[in-house]
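Asks: The end of the sequence shown is residue 271 by this note's numbering, with every number in the run present. We put the CB at the ideal spot given by N, CA and C, even for glycine.
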Amino acid sequence: MGERVDWDAEQYLRFEDERTRPSLDLLLRVRPAQLERCIDLGCGPGNSTELVAARFPAAQIEGLDSSPDMLDKARKRLPQVTFQLAQLEEWSARSRYDLIFANAVLQWIPDHATLFARLARALKPGGVLAVQMPNNLAEPSHVAMTEVAADGPWAQRLASAREARALIGSFSDYRRWLQEAGCAVDIWQTTYVHALAGPGAIVEWFKSTGLKPFVDLLSAEERTAFLDQYLKRIAAAYPAEPDGKVLLRFPRLFIVATRQGT
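And the structure:
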């Protein structure tokens, strides 16, 4: 894995509606129940936590994130929720949960076989692990990042950034790992298609996520040059529609695992 990323809440929230939709789609597959304890891992600015709190108003809701800026926004948004600053790689549950919600965060954590088993152990019997992860490393948006990173004076410095995201396993991998951890597993993948204002909007989208491990290691002048090269590749890969919009394809992997037994 590369260096830790300093997440920017304001940049992330520029596309809040689009980023919140997968959280809602995931949450709708969690069967309503009398939930007592829920935690939103990688809660960010609280947009996904807000959905969990609204779906299960009687539950004790917690949020966890590694970014002080994200947590500052989340606490202002949801003062009734308990938020904690922690690295997910180092976090361990003090007691078990009815729902562990992890939207667009686990792709940044290595060793998914171990990680998913650890999260499953933190569930109560009948508890649910609900996960959504971008599965877009093969998309032009991300291929262009790695190509630009490897093609410039920054190539050596950005070698570690190309490893910032964990490789997503196969459907079979996640089903097997979670079944071995005592869970019934539901897996699906959805490709969202976002109509954005133009190639520049795609760059702005990824500035708060996929691009950050790269550009955060560059000087201001290098960052401008990197983004200019990235924009050229994006413009070639995402041609304009008749209305001037460009269509950003965004595959996302969903997993709902329910803990069986005791």
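Tell me the DSSP secondary structure of residue 58 in three-state form.
Replies: helix
Asks: Excluding five sequence neighbours on each side, which residues of the same chain lie with their C-beta closer than 6 Å to the C-beta of residue 149?
Replies: 246
Asks: Would residue 257 and residue 205 qualify as a contact pair, given that the criterion is a beta-carbon distance under 9 Å?
Replies: Yes, these two residues count as a Cβ contact at 9 Å.
Asks: Take the Cβ of residue 21 as the centre, count every other Cβ of all protein chains shown within 10 Å, and call the residue buried at 16 or more, exposed below.
Replies: Low confidence applies here, because residue 21 scores a pLDDT of 44, under 50, leaving its location unreliable; read the following figure in that light. Buried, because 16 or more other Cβ atoms sit within 10 Å of the Cβ of residue 21.
Asks: On the criterion of 16 or more Cβ atoms from any shown chain inside 10 Å, does residue 116 qualify as buried, or is it exposed?
Replies: buried
Asks: When you compare the CB positions of residue 46 and residue 68, do they come within less than 9 Å of one another, or not?
Replies: yes
Asks: Span of the alpha helix (DSSP H) holding residue 211?
Replies: 208-216
Asks: Count the C-beta pairs between the region 256-270 and the region 185-204 that are closer than 8 Å, then say yes if the count reaches three, no if not.
Replies: Result yes; three or more Cβ-Cβ pairs closer than 8 Å.
Asks: What does a CB cutoff of less than 7 Å around residue 167 pick up in its chain, not counting 5 residues either side in sequence?
Replies: 158, 223, 226
Asks: Return the bridge partner residues of residue 222 from the DSSP annotation.
Replies: Bridge partners of residue 222: none, in fact.
Asks: Could you pull out every residue in the same chain whose Cβ sits closer than 7 Å to the Cβ of residue 171, ignoring the five residues on either side in sequence?
Replies: 155, 158, listed in sequence order.
Asks: Under DSSP, the beta strand (DSSP E) around residue 133 begins and ends at which residues?
Replies: 132-143
Asks: For residue 202, does the count of other Cβ atoms within 10 angstroms reach 16, so buried, or fall short, so exposed?
Replies: exposed
Asks: Considering only the alpha carbon of each residue, which of 234, 123, 96 lies closest to residue 80?
Replies: 96
Asks: Among all the DSSP beta bridges, which residues are the ones paired with residue 47?
Replies: 70, 108
Asks: Relative to the C-alpha of residue 140, which candidate in 232, 51, 98 has its C-alpha closest?
Replies: A check of alpha carbon separations from residue 140 across 232, 51, 98 identifies 51 as the nearest.
Asks: Could you check the C-alpha separation between residue 248 and residue 93 for me, to the nearest Å?
Replies: 42 Å
Asks: Where residue 30 and residue 42 are concerned, what is the direct C-alpha to C-alpha distance, given to the nearest angstrom?
Replies: 22 Å
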